[in-house]
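Residue numbering for the sequence shown is 34 to 555, as defined by the working numbering.
Glycine included, C-beta positions come from ideal geometry on N, C-alpha and C.
If you're wondering where the values come from, they're calculated on a predicted model, not measured in any experiment.
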Amino acid sequence: MKELEQQKDTHPETIENIKQGDLLTIQKFILLLNDFHYREFASNLKRDRALLPLKLAAAIRQQLPMFDTPDRLCAKVYEGSEADAKKKFHQLSAYTFRLSFYLACNYPDYLSTNIQRIEQLVNNGSAAQALLLAEAMLEIAERIGDFRSQIWCTNFLIADANLHRDTLQAINYYKQLHQVMENESLAVQLQNRCVTDATNEMVPTNTEGYEKGLDYYRQYLDHESLPVRIHAMYAYVSWVNRYNTNYFQKKEDLEVLLTLEKLFQLHPYLVFPFLSNLRGNIGFIRLHHAPQTFEGKEKQKYYIELEDYYDKVNFTSRFVNGGHIYLLAVECSRLLGLYHSLVHRSDYEKLITAKDKESVAKCLAKCQQMMELKVERKSNEIFRVNLQMLYGGFLLLCGDQQNIKSAISELESLLISYQQMSLRTSTDSTFMVLMIAYFSAADYEGCAHTFMRYNKIKKKKTIYESNDEKINVYYFLSQWLSTQRKQYLNKLKSELSRNGEGKVTSGFTELLHHFGIDLWAE
């Protein structure tokens, strides 16, 4: 900041002399931020170590209410005005505006604070400043998709044009106002249709009903308004995700999903209604239902990017929510897939990688943090159920006997507390983790008791075959180890032969090898 004070231009343009077209987009953006929003924006740049964008933003802010020319601003940031520096400067300017993503997610109405500023300027006789502010606000509002601010600014500019008898200008603004209001209405209509379609009454019972739903959204996929286009794509993808069992195997459906994701990447500064989570929901849909588009390291990279997104969305950490829980579930599933057959071993500490061990600790801490939050609505109680199940899973993955026993206690408490409540699809996951925990504690009686309870409750329940397989395998193995009865080896062999001898997972193969069991020996 001291450097900026020393560099402060002695001949900047004043707000009265400068024209709207003379300002860079980033200058207009910084001008429109109140002190609070600027501090939030700058703090986020500092946290992400975006040092050059921070330097640019600070240089602009330092000069207000006056402005540097682009060349002067370039010289302040890059200490030179050569052609190469100018090219880098314009790239930096565009990039810095893209980083307004943080404000778009957490304070989507940040432009609205300028309404009071404009009114005060007009009433204090500073009409030129008010007009510049309104025109800048309208331009940024159009860029970020803020319909409310566009409507207010356009109405203000219409009134100003009428006041100065500029009829042609007023007519042009009226046309613009009509279009904005139409786009806003259509966006709301699409949002409402998307939510309505999510109710049970709207579930299509046949292919015709399913296609009819898609046809409604298709008509807006190429709309000239970017926000309308995004809402249409979001609704389309949500419809496919909800009712098509093949998910995104159709090329057309996958293209809509990938195009929508690309639009979010290209326009991170777009704003949507506060507390909405379009970006996050689309991320989950791709992560969960479109594995053909990414695998292995790419899938883990996408998970990390989605996790980073949620770390920057403030309101999601203030209540128990599906977004964070789904991310935890994805990681818990991955880690259990890798280590479920190793947790029981005394050398487990050496078998889990340092990176995965760190992930377990991080997820465990996140679960603990979220479990301290109050569930204010009964409809969110299912989130608490899933959260407690995941907490037990991460305790198990810690590997030491104390944490394994804590996992058992946590999961038993969950089953007792919610025995009158439908656990939905988390039922078999809870029993699966509990079964592995009892096995890892060498409590084979606990395995038998868990197996009987599971078979009693799973009737008429939707279960995942993978979870069911693990529950059966660990039960049969535990009973073989405790009784040495050959019948359990036969059942174990039958269970593992579901998909053929050659398709037994490496985890189960390693588990059997550890106990010296060869089911297919002659």
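First and last residue of the uninterrupted alpha helix (DSSP H) at residue i
{"i": "Phe484", "result": "Tyr477 to Ile490"}
{"i": "Met403", "result": "Ala387 to Met404"}
{"i": "Pro68", "result": "This sequence places Asp at residue 68; Pro is not what is there. Looking at the DSSP string, the run of the alpha helix (DSSP H) that includes Asp68 is Asp68 to Arg80."}
{"i": "Asp193", "result": "Phe180 to Leu196"}
{"i": "Ile550", "result": "Careful: Ile550 lies outside any alpha helix (DSSP H) and carries neither H nor E."}
{"i": "Arg275", "result": "Leu259 to Tyr276"}
{"i": "Val418", "result": "Glu414 to Cys431"}
{"i": "Gly242", "result": "Thr240 to Arg251"}
{"i": "Glu217", "result": "Thr200 to Asp230"}
{"i": "Gln124", "result": "Ala116 to Arg131"}
{"i": "Leu298", "result": "Reading off the sequence, residue 298 comes out as Gln, not Leu. Start and end: Lys284 to Leu299."}
{"i": "Ala169", "result": "Ala160 to Ile177"}
{"i": "Leu448", "result": "Gln434 to Ser450"}
{"i": "Leu56", "result": "Premise fails: Leu56 is in no alpha helix (DSSP H) and is neither H nor E."}
{"i": "Gln153", "result": "Thr146 to Asn156"}
{"i": "Asp501", "result": "Glu498 to Thr516"}
{"i": "Glu364", "result": "Gly355 to Tyr372"}
{"i": "Lys524", "result": "Lys519 to Leu529"}
{"i": "Glu112", "result": "Run containing Glu112: none; DSSP gives neither H nor E here."}
{"i": "Asn310", "result": "Note, Asn310: premise wrong, no alpha helix (DSSP H); not H, not E."}
{"i": "Leu384", "result": "Tyr381 to Leu384"}
{"i": "Tyr135", "result": "Phe134 to Asn139"}
Sub-8 Å separation of residue i and residue j beta-carbons
{"i": "Phe464", "j": "Tyr497", "result": "no"}
{"i": "Leu223", "j": "Tyr253", "result": "yes"}
{"i": "Arg275", "j": "Phe297", "result": "no"}
{"i": "Val155", "j": "Ala163", "result": "yes"}
{"i": "Thr187", "j": "Val228", "result": "no"}
{"i": "Ile59", "j": "Thr129", "result": "yes"}
{"i": "Lys438", "j": "Ala474", "result": "yes"}
{"i": "Asn500", "j": "Asp461", "result": "yes"}
{"i": "Gln202", "j": "Ala192", "result": "no"}
{"i": "Leu579", "j": "Leu514", "result": "Nothing can be reported for residue 579, as the shown portion of the chain is limited to 34 through 555."}
{"i": "Asn419", "j": "Ile358", "result": "yes"}
{"i": "Leu360", "j": "Leu339", "result": "yes"}
{"i": "Tyr336", "j": "Phe134", "result": "no"}
{"i": "His110", "j": "Lys88", "result": "Note that residue 110 is Val in the sequence shown here, rather than His. Taking 8 Å as the Cβ cut-off, Val110 and Lys88 qualify as a contacting pair."}
{"i": "Leu132", "j": "Pro86", "result": "yes"}
{"i": "Leu106", "j": "Ala127", "result": "no"}
{"i": "Leu171", "j": "Gln183", "result": "yes"}
{"i": "Cys400", "j": "Leu423", "result": "yes"}
{"i": "Leu15", "j": "Ala174", "result": "Any question about residue 15 goes unanswered here, given that the chain covers just 34 to 555."}
{"i": "Val273", "j": "Asp255", "result": "no"}
Residues of its chain near residue i, where Cβ-Cβ distance is below 7 Å and the 5 sequence neighbours each way are ignored
{"i": "Tyr381", "result": "Leu375 and Gly432"}
{"i": "Arg82", "result": "none"}
{"i": "Ser271", "result": "Cys227"}
{"i": "Ile148", "result": "Trp185"}
{"i": "Val304", "result": "Ala137, Pro141, Ile177, Gly178 and Asp179"}
{"i": "Thr538", "result": "none"}
{"i": "Tyr343", "result": "Gly313, Thr349, Gly356, His357 and Leu360"}
{"i": "Tyr521", "result": "Phe509, Gln512 and Trp513"}
Residues near residue i by beta carbon distance below 8 Å, same chain, minus five either side
{"i": "Cys480", "result": "Met468, Tyr471, Phe472, Tyr507, Tyr508, Ser511 and Gln512"}
{"i": "Gln124", "result": "none"}
{"i": "Ala220", "result": "Phe180, Ser258, Pro260, Val261 and His264"}
{"i": "His70", "result": "Leu136, Tyr140, Tyr143 and Thr146"}
{"i": "Lys503", "result": "His373, Met465, Met468 and Ile469"}
Cβ neighbours of residue i in the same chain (closer than 6 Å, five flanking residues each side left out)
{"i": "Leu397", "result": "Phe427"}
{"i": "Gln421", "result": "Leu447"}
{"i": "Glu543", "result": "Ser374"}
{"i": "Tyr250", "result": "Ala265, Ala268 and Tyr269"}
{"i": "Ala323", "result": "With a pLDDT of 48 at Ala323, under the threshold of 50, the modelled position of that residue is not reliable, and the figure given next carries that caveat. Phe281."}
{"i": "Thr102", "result": "none"}
{"i": "Asn347", "result": "Asn139"}
8 Å Cβ cutoff, residue i in contact with chain D
{"i": "Met170", "result": "Given the protein chain composition of this structure (a single chain), no chain D is represented."}
Exercise. Using 8 Å as the Cβ pair cut-off and three pairs as the minimum, do the region 543–550 and the region 374–381 touch?
Worked result: yes
Problem set entry | Inter-stretch contact (C-beta, 8 Å, three-pair minimum) for the region 63–81 and the region 90–103 | yes
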